[in-house]
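Peer 1: So in UniProt numbering, spot 11 of the sequence shown is number 11, and the numbers just go up one at a time.
A virtual CB, placed ideally from N, CA and C, is assigned to each residue, including glycine.
These figures come from a predicted structure and were not determined experimentally.
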Amino acid sequence: MSDLERTPEQAAREAGLREVSDVLLNIEQAIKRADRAQRTVSMTVGCDDLARMLTTASRNLETARKDLFQNAYFSADEPKLF
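1) Pairs of beta-carbons, one from the region 43–52 and one from the region 4–24, closer than 8 Å: are there three or more?
2) Only counting the same chain, and skipping five residues up and downstream in sequence, which positions put a Cβ closer than 7 Å to that of Leu54?
3) Quick one: Cα of Leu4 to Cα of Leu17, how far?
4) Do you know offhand how far Val10's Cα is from Tyr73's?
5) Look up Arg6 in the DSSP assignment and say whether it is helix, strand or coil.
6) Looking only at C-alpha atoms, which of Thr44, Arg6, Ala57 and Pro8 sits nearest to Ala30?
7) Between Pro8, Arg6, Lys32 and Ile27, which lies nearest to Phe69 when the distance is taken from Cα to Cα?
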């Protein structure tokens, strides 16, 4: 379907999904950064609490990423990717 054949609602939906995609990418980068920080901090004496906090943050980010992905792309009666 070309740009001329799309309804305004379809164009808006596609723009919204691009925004969701950008957020998912940012969350993925934050997960990688939190994991890297956790590995670094866990090697530092006296920083066990910080390492645990970073592990929790990474886990929470994973949950947020999964929820956003599933809700944005698969939560309706009809597939949202088409």
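Peer 2: Per the coordinate set shown:
1) no
2) By 1-based counting over the sequence shown, the position of residue 54 is 54. So the qualifying residues of the chain are Ala34, Ala37, Gln38 and Val41.
3) Looking up residue 4 in the sequence shown gives position 4. Looking up residue 17 in the sequence shown gives position 17. Going from the Cα of Leu4 to the Cα of Leu17 covers about 19 Å.
4) Residue numbering aside, residue 10 sits at position 10 when the sequence shown is read from its first letter. Residue numbering aside, residue 73 sits at position 73 when the sequence shown is read from its first letter. Reading off the sequence shown, one finds Gln at residue 10, where the question assumed Val. Whole-angstrom Cα-Cα distance: 14 Å.
5) Position 6 of the sequence shown, counted from the first residue, corresponds to residue 6. Three-state result, Arg6: coil.
6) Numbered from 1 along the sequence shown, position 30 holds the residue referred to as residue 30. The option with the nearest alpha carbon to Ala30 is Ala57.
7) Translated into positions along the sequence shown, residue 69 becomes position 69. If we check each option's Cα against that of Phe69, Ile27 comes out closest.
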